[in-house]
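J.: Under the numbering used here, the letters of the sequence shown match residues 53 to 361, in that order.
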Amino acid sequence: MDANKLISHAVAPEALETRIKKIIERIKHEGDKPYCTVKQQLELLEQLQRFDFGRYLLQNQGINGYWTHYMLTYPWYGKKTGKNNRQEPLSDLERFMLERAPLLLATQQRFEIFLQENQKKVRNDAQLAAIPCGMMGELLYLDYEQIKTIALVGIDYDAETFSDAKLLAKQYGLNSFLKLQHRDAWAIQIENQLDLISSNGLTIYEPNQERVNELYQIFYRALKPNGKLVTSFLTYPPSLSPECEWNLDKIDQHDLLMQKIIFVDILEAKWQCYCSSKQVEAQLHQVGFKNIEFIYDEARMFPTVIAYK
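1) Just to confirm my understanding: we take Asn343, look at its own chain, exclude 5 residues before and 5 after, and list those with CB closer than 6 Å. What are they?
2) Less than 7 Å between C-beta atoms, sequence neighbours within five positions excluded: which residues of the same chain meet that for Glu350?
3) How is Leu68 classed by DSSP in three states: helix, strand or coil?
4) Excluding sequence positions up to five away, which residues of its chain have a Cβ less than 6 Å from the Cβ of Thr283?
5) Three or more C-beta pairs closer than 8 Å, one from the segment 148-163 and one from the segment 327-339: is that the case here?
6) Inspect the beta-carbon positions of Thr125 and Gly186 and report whether they are closer than 8 Å.
7) What distance in whole Å lies between the Cβ atoms of Tyr193 and Leu167, which are believed to be in contact at a cut-off of 8 Å?
8) Express the C-alpha separation of Gly106 and His121 in angstroms, rounding to a whole number.
9) Less than 6 Å between C-beta atoms, sequence neighbours within five positions excluded: which residues of the same chain meet that for Tyr224?
10) What three-state label does DSSP hand Thr283 in the structure shown?
11) Is it right to say Ala221 is buried, meaning 16 or more other beta carbons lie within 10 angstroms of its own, or is it exposed?
12) Pop quiz: Ile76 and Leu97 are said to be a contact at Cβ under 8 Å. What is the actual Cβ separation, rounded to whole angstroms?
13) The beta strand (DSSP E) spanning Leu300 covers which residue range?
14) Taking the beta strand (DSSP E) that Ser291 belongs to, which residues open and close that run?
15) Quick one: give me the first and last residue of the beta strand (DSSP E) that Leu204 is part of.
16) Using the three-state DSSP reduction, which class does Phe341 fall into: helix, strand or coil?
17) Unbroken beta strand (DSSP E) runs of length 3 or more, entirely within the segment 149-196: which are they?
18) With a threshold of 6 Å on Cβ separation, who are the neighbours of Arg273 within its own chain once the five nearest residues in sequence on each side are excluded?
19) Suppose you measure from the CA of Leu286 to the CA of Gln198; what does that come to, to the nearest Å?
20) Between the Cα of Ala237 and the Cα atoms of Ser228, Leu254 and Asp247, which residue gives the shortest distance?
21) Measure the CB-CB distance between Pro154 and Leu308 and report whether it falls below 8 Å.
22) Considering only the beta carbon of each residue, do Thr201 and Asn170 sit closer than 8 Å?
23) Rounding to the nearest angstrom, what Cα-Cα distance links Phe315 and Ala182 in this structure?
24) DSSP on Thr356, reduced to helix/strand/coil?
25) Per the DSSP calculation, Pro141 is bridged to which residue(s)?
26) Which of helix, strand or coil does DSSP assign to Ile270?
27) What number of angstroms, rounded off, separates the C-alpha of Pro184 from the C-alpha of Gly206?
28) I need the boundaries of the alpha helix (DSSP H) containing Asp216, first residue and last residue.
29) Comparing C-alpha positions only, which one of Gly117, Ser293 and Lys74 sits nearest to Leu94?
Structure representation (structure tokens):
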């Protein structure tokens, strides 16, 4: 696997101790910030090391299929049980990240929107694809009660996620429908085959808009006529663009600042590639997509966009 092609997280992350040492050095070198002292950042860094989700983020600056699934399904499980992935009580910091961090809330809402939109394409003999697929939750959690034959295609450059996807498919009795392909999304050579492409988690890590345009072209080519694309993007924060679309009435400013300290200042998270709705609409339209529609989370941070070939 070419480590440079996996844009969401590290293939061979450096040892956690080495990574933490570098973060400590950087925090001390940058000094106190107007909104957060060095001491406060180091305390948060220490807390992040106490739970698996935090440790994974520290090492990778992004999340793989397993941790994406963990975050997205948290409202169904961890929030109700108060337990983390090890079935241990959630720490205050992990609970904050999964319940109050505005961007994580937005992507949990986005996931529910994806499920609703993807369900509309479920029918016998359909070909539904998730690119990248991760654990395939955005397809495996759909209702297939009346379905006898369907193809659930998962394409991902991180083959390590396939074992988790297979387990989830088996759990729901859908393994006979599952077709997994180890491939870079930009190298897909499918033409006029798919009824649905569900795609979250590529464009938010890709800073090159020409590469994003290329991806939309690949998706367009892969879809059948009237095939449906369900995808998403991050809108600009107010600090980066006057084109900010956020609904600030729905965003707790204290939580937003805490999120910035954790994900930007400490973790230097990789998912910081933003677009405006106008820009995404123009990109999709240019490729040939029609009937483009936007569905927003409450905060308008992580919109879903639907388009048809």
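Where is the CB? At the ideal position from N, CA and C, for every residue including glycine.
T.: Concretely, from the data shown:
1) Hits under 6 Å: Tyr360.
2) Cβ within range, chain order: Gln161, Asn299 and Lys302.
3) Reduced to three states, the DSSP call for Leu68 is helix.
4) The beta carbon of Thr283 sits closer than 6 Å to the beta carbons of Ser251 and Val357 from its chain, once the five residues preceding and following it are set aside; these are given in chain order.
5) Segments in contact, no.
6) The Cβ atoms of Thr125 and Gly186 do not sit closer than 8 Å to each other.
7) Yes, they are in contact, since the Cβ atoms of Leu167 and Tyr193 sit about 6 Å apart, within 8 Å.
8) Roughly 15 Å between the two C-alpha positions.
9) Same-chain partners within the cutoff: Leu192.
10) Three-state DSSP puts Thr283 in a strand.
11) By the 10 Å Cβ count, Ala221 comes out buried.
12) At roughly 7 Å, the Cβ-Cβ gap stays under 8 Å, so Ile76 and Leu97 are in contact.
13) Unbroken run through Leu300: none, as it is neither H nor E.
14) Counting along the chain, Ser291 falls outside any beta strand (DSSP E), and DSSP gives it neither H nor E.
15) Taken as a continuous stretch (DSSP letters only), the beta strand (DSSP E) holding Leu204 covers Ala203 to Asp208.
16) The answer is coil: DSSP assigns Phe341 none of H, G, I, E or B.
17) The segment 149-196 contains these whole beta strand (DSSP E) runs: 179-182.
18) Same-chain partners within the cutoff: Glu243.
19) Straight-line measurement puts the Cα of Gln198 at about 35 Å from the Cα of Leu286.
20) For Ala237, the nearest C-alpha among the options comes from Leu254.
21) The answer is yes: Cβ separation under 8 Å.
22) Inclusion of Thr201 and Asn170 in the CB contact set at 8 Å is not warranted, their separation being larger than that value.
23) Each residue's Cα considered, the two are about 26 Å apart.
24) Strand.
25) Lys135, per the DSSP bridge assignment.
26) Correct three-state label for Ile270: helix.
27) CA-to-CA, the gap between Pro184 and Gly206 works out to about 7 Å.
28) Looking at the DSSP string, the run of the alpha helix (DSSP H) that includes Asp216 is Phe214 to Gln223.
29) Nearest of Gly117, Ser293 and Lys74 to Leu94, Cα basis: Lys74.
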